[in-house]
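Protein chains in written order, with UniProt numbering: chain A, 1 to 437; chain B, 1 to 437. We put the CB at the ideal spot given by N, CA and C, even for glycine. Please read these numbers as outputs of a predicted model, since none were measured by experiment.
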């Protein structure tokens, strides 16, 4: 057990140099042509980076020790001043009880999970929280599973439980599940008694590479996704990669859509690695998955550290999401998984970027190819009409003063812009090209 | 109109020197006897203080100019770094359109108000927001009036309206009403699209002296008050003292309960001023009211600046509130006004302080006397049993690790402690003394 780290012995090709420069331009609506800012080069302190991303492919990567125990894990730090926190990534981390316990304050814990995850991991998490801690009491609330329950009524069940069991301000909420659980538990923690501690234990690839990191929490409204929520940071994110062993294939692919996104918006080298290793990811090669999670978290942590409240840069993490959210809302929450909608949305955003003349056609083909390899949808569902897209995209959070801003690719692979300054014709053409009506 | 400031020509006695030293002690549960910290002397920069509180009683106080317009107003600054904001206090401020407009960002405004206030002031506020601003659109949502509607279902109506009218992240929410409206609108602003700007226009004395200042927002849960919410600061607070002209007597008295509180916990001189001027306050003498509002806001602003998230000092603002919230919840929201419950709760807290031997009996008598003068209740309603108090106080937000901490008076007038270290017998005795069963 002690040496069962899934992160050593990579059977996959790892890149041989440091991440390339990522470029991003924030473009105002008044510019005639988008203003390209200077490239942002991210400097991350060495002490908290693994050396995985600078290893040659053949040697097992050296891992930083994150615990005093017998297992090893990678740590990615999200640097947000006094709201900074670590993301632990590794195999068997739920058996490292100290790792979780050191981030629990107070004596009361509320685990928020769902009907799918509870039978698999709730006992394990309760054990991790209480092992050697007789004074710690753990309550749990088990919500129905699925995006369609990510609403205020379901959220109230968390408050009901917290209040009925008399949790106080020093308690800790623990999110155990995928993105829906993480977002809801985080928002509940933000609002309960005006804010209590919380910890993320994401159990889906989607949550591990994206939704559990960065502090965006919230619930859906019948008219749009995540319209009610808070920016609220956890005490830590604990990613036990073993939890992916129980994840359905479709959920795995959904998470890969976000992994692909990081490559497209800011990490060309990572995208190239994915092109070579997609089969390893789909067949759940532990080291490939661990590498993809780590590199995704690094990308996300860098972006969030630079722009916590999404004044510009952070919006680029939403490549494909404006189209994707419209699909999710229009088609009905829970019909498609989030990553499936994002995949189709990404193809649409890439198509539009090409129509604007901002990227060449090889990128269009490579995006289509990698998403198809991952068995993700690359067109919206038939019921999505042009009118439906237009109406739903009008309530997107990125609309400002009536203008819809979009994340679009521009320039070589790994570069994007967040802009409201684009030819409306291209958007129309993309919608008509992808919709039957 | 131009000279209609209600702040000049005081007919009431104003204190002749600067506020006295306020003392506060935060007491840990492990101390045998409460540790008294060094007195905190608040230093407030002169540039933003009026000279009202250092005027002799006979001369009209000089007011600081807050606007470039013809009217004058007092400004109290809440110093919270990049979340600092001004509180404007004066007569006719809703006619100073520039004052409001300078704090509106974006072109979309949502006014949240209720069925009582809307017929009185909504048109005036819409005019103030749009005068000379053809691009600004104002939507409004009119909620039912009363504490019993301060719940999640009613809050959803605000989100519904905001989403249906396609407000974006640059919009501004305006709370027009009393404490319930301010708390709900503030929480809606905190959560809508994960946070939009908001402005407080309090129209009750309670909201003007307390709830609109300091950023506490939220809604009630059937099991307790304000259990769901956020700390979220407004862009400004605009207090037009003319709105008190339409306030029912009972509501006026309710606000006075909080004014009395400031004197008891940290401002003996202000308490003494109130003892001399209670009749002027009850008969709505404009300068007495303006002075009481200003001095209350100064006290609150100082406390909030020192302890925004209520780690200790800020809790002292809740003198009488733990008993009071139990009354409000137990008796049913809307039966008693908040200040009425706080008044009875204050008498109970003072009684308990006396039983502990922490204050002498003259303070007990003076508190009883001033609250009776204000026609506020000084005992809980008959239906409140000892058991009901105990059960409801157990879910108070100030419970930590199972221990109920209370704000109690200790020492000379104007001094209090926030502590869990008190003889339980005294609490029992107080409950039995005030409850019939």
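Taking 8 Å as the threshold (beta carbon to beta carbon), is residue i in contact with chain A?
i, result
"residue 83 of chain B", "no"
"residue 156 of chain B", "yes"
"residue 30 of chain B", "Bear in mind that the predicted position of residue 30 of chain B carries a pLDDT of just 35, short of 50, making it unreliable; the figure below should be weighed with that in mind. So no, residue 30 of chain B is outside the interface."
"residue 338 of chain B", "no"
"residue 427 of chain B", "no"
"residue 228 of chain B", "yes"
"residue 27 of chain B", "Residue placement at residue 27 of chain B is poorly supported in this model, since its pLDDT is 48, which falls under 50; the coordinates are not used for a value here."
"residue 399 of chain B", "yes"
"residue 394 of chain B", "yes"
"residue 182 of chain B", "no"
"residue 175 of chain B", "no"
"residue 38 of chain B", "In this prediction, residue 38 of chain B scores a pLDDT of 31, lower than 50, which makes its location untrustworthy; no coordinate-derived value is stated."
"residue 321 of chain B", "no"
"residue 223 of chain B", "yes"
"residue 276 of chain B", "no"
"residue 50 of chain B", "The pLDDT assigned to residue 50 of chain B is 32, lower than 50, so where the model puts this residue is not dependable; a value taken from the coordinates is nonetheless given after this. No, residue 50 of chain B does not count as interfacial toward chain A."
Between which two residues does the alpha helix (DSSP H) carrying residue i extend?
i, result
"residue 311 of chain A", "Taken as a continuous stretch (DSSP letters only), residue 311 of chain A belongs to no alpha helix (DSSP H), as it is neither H nor E."
"residue 158 of chain A", "152-164"
"residue 123 of chain A", "123-130"
"residue 104 of chain B", "Looking at the DSSP string, residue 104 of chain B is not in any alpha helix (DSSP H), and its letter there is neither H nor E."
"residue 340 of chain B", "338-355"
"residue 286 of chain B", "286-306"
"residue 260 of chain A", "249-266"
State the start and end residues of the unbroken beta strand (DSSP E) segment that holds residue i.
i, result
"residue 170 of chain A", "Residue 170 of chain A -> no beta strand (DSSP E), and no H or E assigned at all."
"residue 137 of chain B", "137-143"
"residue 74 of chain B", "74-78"
"residue 419 of chain A", "415-419"
"residue 113 of chain B", "108-114"
Nearest CA to the CA of residue i: which residue from the options?
i, options, result
"residue 323 of chain B", "B:259, B:390, B:283 and B:210", "B:390"
"residue 134 of chain A", "A:109, A:237 and A:148", "A:109"
"residue 383 of chain A", "A:122, A:332, A:129 and A:280", "A:332"
"residue 257 of chain A", "A:82, A:321 and A:77", "A:321"
"residue 450 of chain B", "B:148, B:106, B:100 and B:370", "No answer is possible for residue 450 of chain B: the residues shown for chain B start at 1 and end at 437."
"residue 76 of chain B", "B:82, B:87 and B:316", "B:87"
"residue 267 of chain B", "B:413, B:102, B:97 and B:84", "B:413"
"residue 91 of chain A", "A:83, A:106 and A:73", "A:73"
"residue 89 of chain A", "A:190, A:207 and A:126", "A:207"
"residue 137 of chain A", "A:143, A:175, A:126 and A:144", "A:126"
"residue 78 of chain A", "A:116, A:307 and A:352", "A:307"
"residue 352 of chain B", "B:112, B:427, B:234 and B:151", "B:427"
Sort out for me which residues DSSP pairs residue i with in a bridge.
i, result
"residue 177 of chain B", "B:202"
"residue 230 of chain B", "B:217"
"residue 88 of chain A", "A:75 and A:238"
"residue 82 of chain B", "Answer is none; residue 82 of chain B lacks a bridge partner."
"residue 399 of chain A", "A:404"
"residue 224 of chain A", "A:221"
"residue 197 of chain B", "B:172"
"residue 333 of chain A", "A:336"
Hey, does residue i have any beta-carbon neighbour from chain B nearer than 8 Å?
i, result
"residue 419 of chain A", "no"
"residue 315 of chain A", "no"
"residue 168 of chain A", "yes"
"residue 206 of chain A", "no"
So, are the CB atoms of residue i and residue j less than 8 Å apart?
i, j, result
"residue 170 of chain B", "residue 401 of chain A", "yes"
"residue 295 of chain B", "residue 271 of chain B", "no"
"residue 403 of chain A", "residue 416 of chain A", "no"
"residue 202 of chain A", "residue 218 of chain A", "no"
"residue 179 of chain B", "residue 211 of chain B", "yes"
"residue 340 of chain B", "residue 254 of chain B", "yes"
"residue 370 of chain A", "residue 260 of chain A", "yes"
"residue 344 of chain A", "residue 316 of chain A", "no"
"residue 165 of chain A", "residue 184 of chain A", "no"
"residue 354 of chain B", "residue 364 of chain B", "yes"
"residue 240 of chain B", "residue 93 of chain B", "yes"
"residue 187 of chain B", "residue 229 of chain B", "yes"
"residue 386 of chain B", "residue 418 of chain B", "no"
"residue 278 of chain A", "residue 433 of chain A", "no"
"residue 399 of chain A", "residue 98 of chain B", "no"
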